[in-house]
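Below is one structure, written out as structure tokens, with a few remarks after it.
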Amino acid sequence: MPQYEVKKVNIWSFSRTTGLIGAIVYGVGYVLFGGFMLLIYILQNSGYYSGPPLVSFVIALPVGILGIGLAGLAIGAVTGCLFNLIAPLVGGLGVDIEIRE
Numbered sequence: 001m002p003q004y005e006v007k008k009v010n011i012w013s014f015s016r017t018t019g020l021i022g023a024i025v026y027g028v029g030y031v032l033f034g035g036f037m038l039l040i041y042i043l044q045n046s047g048y049y050s051g052p053p054l055v056s057f058v059i060a061l062p063v064g065i066l067g068i069g070l071a072g073l074a075i076g077a078v079t080g081c082l083f084n085l086i087a088p089l090v091g092g093l094g095v096d097i098e099i100r101e
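In terms of full-length UniProt numbering, the sequence shown has 95 at position 95, counting the first letter as 1, and numbering is strictly consecutive.
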């Protein structure tokens, strides 16, 4: 099995992947938390609930996905730059590649 070493990463590729992963994780968490909050609203149909109004959940989805996506882009760019600076000093990242026929 051939083994290769990654000494440099493409910063744009790394940052957009990080941003996309962050947006997906936020979306899944949003759906789970939103479902839980909707269940609370349904079970508390009478009485006063001091939680956030339902419209805040509608606003939080696009704002959160955009915000986390942009933060992921920034963190991915910083991480990619740090990897490119540190990898030559510590030997890079070892990758085993299996060729299938």
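Backbone N, C-alpha and C define an ideal beta-carbon position, used for all residues, glycine too.
Whose C-beta lies closer than 6 angstroms to the C-beta of M1 among residues of the same chain, with five residues either side of it excluded? D96, E98
Where the alpha helix (DSSP H) containing G27 begins and where it ends: 11 to 43
Might you give, ordered along the chain, the residues of its own chain that have their beta carbon closer than 6 angstroms to the beta carbon of L73, omitting 5 neighbours on each side? S15, G19
Where L32 and V6 are concerned, what is the direct C-alpha to C-alpha distance, given to the nearest angstrom? 37 angstroms
Same chain only: Cβ atoms within 6 angstroms of N84, ignoring 5 sequence neighbours per side: K8
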